[in-house]
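Heads up, the thing below is written out as structure tokens.
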Amino acid sequence: MLTTLMSILVLNSVMLSTGVAPISESLWGKMVDFMQINCTTYWQLARPQDLASSMPLSACVDIRMSISTTQWTVFMYSHPDGINVKFGLEGNKDRLSIRLLGRRWTSKSKLQLGVWYSVCITWSEFELTPHLYVNGHSVDVHYTSSELMTLGDERLTANGILTLGASHFVLDGEVNAVSGTNFLGSVTLFRMWREKLSAIQVKQHCVEGDVVRWNTTDWITRGCAPVRDDQIFFEVDLTVSLKGSAMNVEKEINTWSALATETSHTSRFQVQATTSSSIEQTIDQIQGALEEPYTHGSITLDAEREGINVSHIIPGQCPRQQQQTRWGLFVWNETSAMHSAFYPCEGDPSKMVERRCMLACTNIARWAEADLHQCPYIVVIIPDLDDIDVTLENAEDVLEMIECLLSNHTDLNDEELVTVVNKLDAVVTISPVTPALGKVIVEILSDILQTDSNFQPVTNDILRIMEYIGDRLSGFAGENVSLVAPGLAISAVNVDPDQFHNLTFGVSPSNDTQGPEVYINQDPFGCMVAFISLPPSLQDSFPSGLGIQPRVQFQFFGTPALFEDGRRDQPLNTFVVSASVTNATGAIQNLKEPVVVTLLHLQDKKPEDEVLCVFWNFNMKNENGGMGSWDPTGCNVSQTAKDYTTCLCNHLTHFGVLLDLSRTPLDEHNERILTIISFAGCGISSVFLGVTVLTYTAFEKLRRDYPSKILLNLALALEGLNLVFLLNSWLSSFGLPVLCQAVAVTMHYFLLASFTWMALEAVNMYFALVKVFNVYVPSYILKFCALGWGIPLVICGLVLVVKRDAYGTDAYGSSLDPSDDMFCWVQDHVTFYVSVVGYILLVLLSNSAVFLVVLVQLRNMRFNRPAGTGARSSSGEILRDLRGVASLTFLLGLTWAVALFAWEPIRVPLLYTFAILNSLQGFFLFVFYCLMKENVRKQWRIHLCFGRFRLQDYSEWSQTAPPVPTKPKPSQTVKYPSVESVRSNKSSTTESTSASSDSSQREVSIKRPNLGLLCLNGLSLPHAQPVHKNTPLPQEQGYDVAPWLAKMAPTSSDKMN
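For this note's numbering, count along the sequence shown from 1 and bump the result up by 1268.
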């Protein structure tokens, strides 16, 4: 408030006393601005002057051109009829021209836009060429042309017409401006003298004319009013006494409510004096005005002369500046303080932009911000930045444009990312990196990293930009400086090689949005997310030489997505921290003492997880085909826990910790759902596998054939696997290492046994289908049992002997907290991949081969079936075949192969499929081999049902043991019964009803076995010898056989014979 009152007081006082002429008549300190709105006309001399006697003569004027045109006129003096130009100052684009008595002279010097020039013309009748002075310096002019002049026109004409700002002509007695000759700029201090001024007089700028003066009475302004041209500045230090009651002060001026009855205050302010007096006279005027008491209401301001200090200041000019903006390129020429520069919009030249040159509190001229919003955008989208070349002058403007463009983007495509990063790289390369500039770049990078973009193409470029900032950062006080932004931090530390012993860098999250908190050589407070400690031996890598300051820089990256290298099974589980030495003597590697890096896990490490300490290798090709990938070379895990990992590395670079997900579960949500599915499925399978085992064990007739016995063993192995799986978590919760190892061994054994019996199912099927009547294996089932239960036992025994600690959990040895979610299983990677993955893969490959052979054989048999055997409908046949294929798939364990294809992007759906199908494998075996088998249902009805649902023991079952046949004669043509005749003998079909029969019951030749018989159990293993009457037929061994084989059984009469 005090400053405001003092400014009003000073300005009012100075304007009231001019020293030479009344301020109301003088135009000193004012100018005519032809760029003003509605000010496109000209000024005219108010009363004609007798210039005929003004020989010699001189004319001076100050001009500032805002827009350059092809023809413009500063002033013109002509004959009263306006025809012949007698005297004038004109220009073409940026060159000055003098017109005098029909002749024209042109200057070679050029004028800059927006710059004030003091131009003087002197001439006498004894000289052929006028003299031109610009800013007090003589400028050469050369003769260019002449006009046809009538007799007597070689002299100046009396009572002529003088216009300022445009050429003119006279029409019907009216003076009119010549179109296209307007001077687009400002004019001030136009004066004329009846003498030729010397060079020294020209330099004495502040001299009024004697023919034409710069005064309001001499000019007709034509609606274009003069404006202030305050070019004289003063700084005032003022001490005033304030008198008045405190109550009145509070009432009059709220900001002075606490003042006492009488007190003094000191103020400093600037004054722009609008006076034609000299500097000394103006200072006296200001001091005299301030000495006068000032009363406002009950408050009185009073100042003594010794309390007033007025000094003349020269603020200079605002420098020429190129401003690159989204609205285009603007070139602001040198402009005096408190004046404006103008420049047309690049997108719409009809619109002009004004930029004010202000007087700063430091008494120096400074550019104010220009209002560019009236111009249309030139840089609309990020790719438009490609048309802008980054220079030292526009580097900051480019950064401002990038910030503005990024504010409207939530993601960037590859082209936009490359464009922005290239511009940032150019700025860092060209411009000196001050803390202010570096912070802007770091904030821009932070904004980029917060978008949903693919950073892989520009990862190395972003890391190098951060490196450049740390290396070139200058102009900061102290030994270190830190630049932070959300998710980013960089610290540069200037070190003394003689005093270097250890250097640490720590990062903690901040509670605000400004960025993380950085700690140099101090322990972080609160939660630490990254910490790095450099060893004393690092000083061996410091640059040597006089005047070279060693610098260590640290960087922190809180965006793991920046370091994607295509590894889906080994994601980055920490933030990234780096350290480097500027101007190091060489690559920093193989340090005598390791660099210690401690990083906080983004996700808690589970007991079965493995971590890797890695660094970012710029030159390593990644999985996506680009450059830059994680490399474990030179880094080792020192210590790891659930929430952090400490690494030891023998070199400097960007460090991180990878989480090996090749054997880890999914995210928490999917893992929970899969766990529920697995336990529910295994529980259901355990119940129905138990029913299957009890059924085949209790009913002796069901296990007479080999396939049923193999199925019984497979069901026992799967039942053991499911039960151990269900009890695993509960048993591991006891925290007993021996118990956990026993559980892991048992589960491993039953898993291998299950797959072994699946493989034996495939072997038995292969023998039955491909090697029919060609293979005999004595003690067949006994040998199968030895293989099925013995091979898994051998494998588990070898693991226990070679590496007993391969079984267990990761928690053992460090923590046995029962609350931990532990699972007893094979923990050693080599053991797991060899004894589990390798074994299962081998079984699946062999079973898949048998499965394909079965499908090919069945297809061939279908096409080889004689005509007239297709009584069954096509749809029924297809449905029956599909049931057979499905049952065979579960029997051979082919559903386990789904895990081999569980990779992104379909990993999650396939894992759900895997969990459902394999946890319910026991249930599906029950459905296909108990529920849908006719003879099993008959046994249930015989032994478990009552009343009308009970089936007699002899009902249709007596047909299952036909008499032993005799060997047929070679020449005998064998006739076969229809399928219907043996429907009660099937022991391995999935059908709920008997096979389709021929309605005529005629005998036909059959070459295609029953599909259900093959797919569910495979053909029974025949003996190697040919069929004869001393060798029991397959149906006597409990096998279901095809109709053609049943026909070979001898009748009772044959046996009697």
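For glycine and all other residues, C-beta sits at the position ideal for the given N, C-alpha and C.
- Per DSSP, the beta-bridge partners of leucine 1430 are Tyr1345.
- Taking the Cβ atoms as the reference, leucine 2179 lies roughly 13 Å from threonine 2163, outside the contact range of under 8 Å.
- Judged by DSSP in its simplified three-state form, lysine 1378 adopts strand.
- Beta-carbon to beta-carbon, isoleucine 1758 and phenylalanine 1773 are separated by about 10 Å, too far to satisfy the 8 Å threshold.
- When the Cα atoms are used, aspartate 1330 and leucine 1400 turn out to be separated by approximately 13 Å.
- Glutamine 1724 counts as buried, since at least 16 other C-beta atoms from the protein chains shown sit within 10 angstroms of its C-beta.
- For the pair serine 1365 and leucine 1396, the Cα-to-Cα distance works out to about 15 Å.
- Collapsing the DSSP output to three states places histidine 1869 in a strand.
- The shortest C-alpha to C-alpha distance from alanine 2012 to any of Gly2065, Val1959, Trp2093 and Ile1952 is the one to Trp2093.
- For lysine 2051, the enclosing alpha helix (DSSP H) covers residues 2048 to 2070.
- Under the three-state reduction of DSSP, isoleucine 1366 is assigned to strand.
- The count of Cβ pairs closer than 8 Å, one atom from the segment 1709 to 1727 and one from the segment 1669 to 1678, reaches three, so the stretches are in contact.
- Contact between the segment 2021 to 2037 and the segment 1995 to 2008 is absent: fewer than three C-beta pairs spanning the two stretches fall below 8 Å.
- Restricting attention to alpha helix (DSSP H) runs no shorter than 4 residues, the segment 1657 to 1713 encloses them at 1663 to 1674 and 1682 to 1698, ordered along the chain.
- Classified as exposed, valine 2062 has fewer than 16 neighbouring CB atoms from the shown chains inside 10 Å of its CB.
- Shown here, valine 2176 sits in a helix according to DSSP, grouped into three states.
- Here methionine 1895 has Asn1728, Phe1886, Asn1887, Met1888 and Lys1889 as same chain residues with Cβ atoms under 8 Å from its own Cβ, once five neighbours each way along the sequence are excluded.
- The Cβ-Cβ distance between valine 1844 and asparagine 1601 does not fall below 8 Å.
- According to the DSSP assignment, valine 1849 belongs to the beta strand (DSSP E) that extends over 1844 to 1850.
- Cysteine 1328 is a Cβ neighbour of leucine 1457, given a cutoff of 8 Å.
- Cα atoms of glutamine 1790 and tryptophan 1898: separation of roughly 29 Å, rounded to the nearest angstrom.
- Going by DSSP, alanine 2030 is part of the alpha helix (DSSP H) stretching over 2005 to 2037.
- DSSP lists Leu1368 and Ser1414 as the bridge partner or partners of arginine 1371.
- Residue state for asparagine 1770 is assigned as coil, using DSSP reduced to three classes.
- In the DSSP annotation of this structure, the continuous segment of the beta strand (DSSP E) that includes tyrosine 1611 starts and ends at 1607 to 1612.
- Residue state for methionine 1888 is assigned as strand, using DSSP reduced to three classes.
- Using a Cβ distance threshold of 8 Å, tryptophan 1461 and aspartate 1478 count as a contacting pair.
- With contacts defined by Cβ atoms closer than 8 Å, leucine 1771 and valine 1786 do not form a contacting pair.
- Following the DSSP letters along the chain, one finds asparagine 1444 inside the beta strand (DSSP E) bounded by residues 1442 to 1445.
- The segment 1567 to 1585 makes contact with the segment 1489 to 1507; the number of CB pairs closer than 8 Å reaches 3 or more.
- By the Cβ test, the segment 1599 to 1618 is in contact with the segment 1373 to 1393, since at least three Cβ pairs between them sit closer than 8 Å.
- Cβ-Cβ distances below 8 Å link glutamine 2207 to Thr1963, Phe1967, Lys1969 and Leu1970 in the same chain, with the five nearest sequence neighbours on each side left out; the list follows chain order.
- Residue pairing of lysine 1298 in beta bridges, as defined by DSSP: Arg1496.
- For serine 1435, the secondary structure class from DSSP, reduced to helix, strand or coil, is coil.
- Rounded to the nearest whole angstrom, the C-alpha separation of glutamine 1838 and threonine 1678 is 27 Å.
- For tyrosine 2197, no beta strand (DSSP E) run applies, since DSSP gives it neither H nor E.
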